[in-house]
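**Q** Protein chains in written order, with this note's numbering: chain A, 36 to 244; chain B, 36 to 244.
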DNA sequence: CAGGGAATCTAATCCGGGTTAGAATGGTCG
DNA sequence: CGACCATTCTAACCCGGATTAGATTCCCTG
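1) For residue 36/A, which residues of its own chain have a beta-carbon under 6 Å away from its beta-carbon, when the five flanking residues on both sides are left out?
2) Against chain A, does residue 41/B count as a neighbour if the rule is that its beta carbon must be under 8 Å from one of theirs?
3) Please compile the residues from chain B whose C-beta is within a distance smaller than 8 Å of the C-beta of residue 204/A.
4) Which residue marks the beginning of the alpha helix (DSSP H) containing residue 139/B, and which one marks its end?
5) Report the residues of the region 53-80 of chain A with a CB closer than 7 Å to any CB of chain B, ordered along the chain.
6) CA-CA distance, residue 125/A and residue 238/A?
7) With a CB to CB cut of under 8 Å and the five nearest residues on each side skipped, what residues in its chain are close to residue 43/B?
8) Grab the span of the alpha helix (DSSP H) containing residue 112/A for me, first residue to last.
9) Quick check on this structure: which residue in 145/B, 209/B, 159/B has the alpha carbon closest to the alpha carbon of residue 186/B?
10) Evaluate residue 205/A with the Cβ neighbour count: other Cβ atoms within 10 Å of its Cβ, from every protein chain shown; 16 or more gives buried, anything less gives exposed.
11) Nearest to residue 159/B by CA position, among 219/B, 141/B, 147/B, 106/B, is which residue?
12) Can you confirm whether the region 151-167 of chain B touches the region 153-172 of chain A when touching is taken to mean that 3 or more C-beta pairs between the two stretches lie within less than 8 Å?
13) By Cβ distance, which residues of its chain are closer than 7 Å to residue 40/A, with the 5 residues on each side in sequence left out?
14) Find the residues of chain B that neighbour residue 213/A, judging by a C-beta separation of less than 8 Å, and give them in chain order.
15) Within its chain, find whatever has a CB closer than 7 Å to the CB of residue 100/B; leave out the 5 residues flanking it on each side and keep chain order.
16) For residue 81/A and residue 60/A, which I take to be in contact (beta-carbon distance under 8 Å), what is that distance rounded to the nearest angstrom?
17) I'd like to know whether the C-beta of residue 288/B is nearer than 8 Å to at least one C-beta of chain A.
18) If you draw a straight line from the C-alpha of residue 111/A to the C-alpha of residue 172/B, how long is it?
19) Would a check of beta-carbon distances place residue 161/B closer than 8 Å to chain A?
20) Based on the DSSP output, what are the partners of residue 242/A in its beta bridges?
21) With a CB to CB cut of under 7 Å and the five nearest residues on each side skipped, what residues in its chain are close to residue 85/A?
22) Using a Cβ-Cβ cut-off of less than 8 Å, give me the residues of the region 115-132 of chain B that come near chain A, in sequence order.
23) With the cut-off set at 8 Å, would you say residue 174/B and residue 108/B are in Cβ contact?
24) Buried or exposed: residue 222/B, going by 16 or more other Cβ atoms within 10 Å of its Cβ?
25) From this set, 217/A, 235/A, 193/A, 226/A, which residue's C-alpha is nearest residue 131/A's C-alpha?
26) The alpha helix (DSSP H) spanning residue 163/A covers which residue range?
27) Between which two residues does the alpha helix (DSSP H) holding residue 87/A run?
28) Please check if any C-beta of chain B sits within less than 8 Å of the C-beta of residue 218/A.
29) Just curious, the alpha helix (DSSP H) that residue 204/A is in, first and last residue?
30) Measure the Cβ-Cβ separation of residue 199/B and residue 241/B and say whether it is below 8 Å.
31) Could you list which residues in chain A have their beta carbon closer than 7 Å to that of residue 239/B, in chain order?
32) Quick one: give me the first and last residue of the alpha helix (DSSP H) that residue 69/A is part of.
33) Considering only the alpha carbon of each residue, which of 102/A, 224/A, 118/A lies closest to residue 68/A?
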């Protein structure tokens, strides 16, 4: 069942050919999962999207649940890594509010780009059985902390109103941004406009003055 | 299959006894639907929560889908009616910003109160098959219009910044508020605090100055 | 070209869950 | 008390979909 089972002694490349198939299956799963939900995700459908027969999935994943779990985790993980990366690239002297603005920008753009994974994670977070939530939840926790740190630093620096409850505000903001996948339509609105408005919500909603 | 099939000529009360059972089933469906999702909602589970055997459900609902559809609709409908009611009770001279504040308050408190229905509608909006979305979507549209009107009036009155994209802002706000059911825990945070912070988000995020 | 493992397929198993059929219960009204 | 209708139950049907078994195909290497 294991494509990556190249005994540590001999291999360098994880067989690119089959790695691609695995990736196709994962992408297909993200798509189906986002549209049909956890219980509604049938391996037959995933297989069809991935241009493969259902049992082929078992060559790469031990079970339907394992496949779903991976999708949920990948979505959360990629967004976090991307935002961290973008923040890290910022000059040392960037203001805390600037960092928040950049984080909002990075989150929204990347989330909409990975939309199948993002939508899958977001819509199904509350539906998948407990066991499947462990890794994704850990990922969520890390991401939460990232945002908490941004807000705490900004508030301590006096760039966010002292009387604002930054924990609640942060959760509201993440909700607003997560929900975007539910209504966003690239054809009717410009992405720049969305980002700008979300930034306004933070700059004016949380900022001083 | 129809409890309410009292020929128009003869009946006054829709048999309270059985109406209660129907209500129990609906409530149970909301709970299961919110936890397990559309495809994961088994009639056996709904029946168990409603303290009834699964086939009894068919006495009140033609099919599983019809039951689900009703839950999704009730959630959206009740919230809208409640917000409309609260707004209507406001004095004529309330400012537009006041109206927005009241709407935020009413939406959040009522949504958290109806949480099973709200969570069910919110989490499953994107998962239920097209046919089931008709009535709920119409409800959503009405609710959307309500908020759009509030924002348009506020902006025209100069109580909301002229350069703000109120359509995007409104969708972000509704997302933030909808998402609350995903993280809200009455034991760790006070409802008043939540409402106040969400109001801040609008007052400062959208308001002038 | 032969052998062998990787990758994928077809066919079969098996169970869960919606739905239907038909009986039992229980209260109400004549 | 007895008939009737509303309500709910038990038993059975049936199908869809995950998973497994056992070929089969496809490369790559010797």
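Each residue gets a CB set at the ideal place from its N, CA and C atoms; glycine is no exception.
**A** So, to answer that:
1) Residue confidence is low: residue 36/A scores 34 on pLDDT, short of 50, so the model does not pin down where it sits. Its coordinate-derived value is still stated next. Correct list: empty, nothing qualifies.
2) Bear in mind that the predicted position of residue 41/B carries a pLDDT of just 35, short of 50, making it unreliable; the figure below should be weighed with that in mind. No, residue 41/B lies away from the interface with chain A (no Cβ there is under 8 Å from its Cβ).
3) 232, 235, 236
4) 131-148
5) 71, 72, 73, 74, 75
6) 18 Å
7) Note that residue 43/B scores a pLDDT of 32, beneath 50, so its modelled location is shaky; the value from the coordinates is reported in the next line. Excluding sequence neighbours, residue 43/B sits near nothing in its chain.
8) 99-123
9) 209/B
10) buried
11) 106/B
12) yes
13) Low confidence applies here, because residue 40/A scores a pLDDT of 35, under 50, leaving its location unreliable; read the following figure in that light. The answer is none, since no qualifying residue turns up.
14) 210, 214
15) 167
16) 7 Å
17) Residue 288/B falls outside the range modelled here, since chain B spans only 36 to 244, and no answer is possible.
18) 29 Å
19) yes
20) 195/A
21) 59, 60, 63
22) none
23) yes
24) exposed
25) 193/A
26) That residue, residue 163/A, is in no alpha helix (DSSP H); it is neither H nor E in DSSP.
27) Residue 87/A -> no alpha helix (DSSP H), and no H or E assigned at all.
28) yes
29) 201-218
30) yes
31) 239, 240
32) 51-71
33) 102/A
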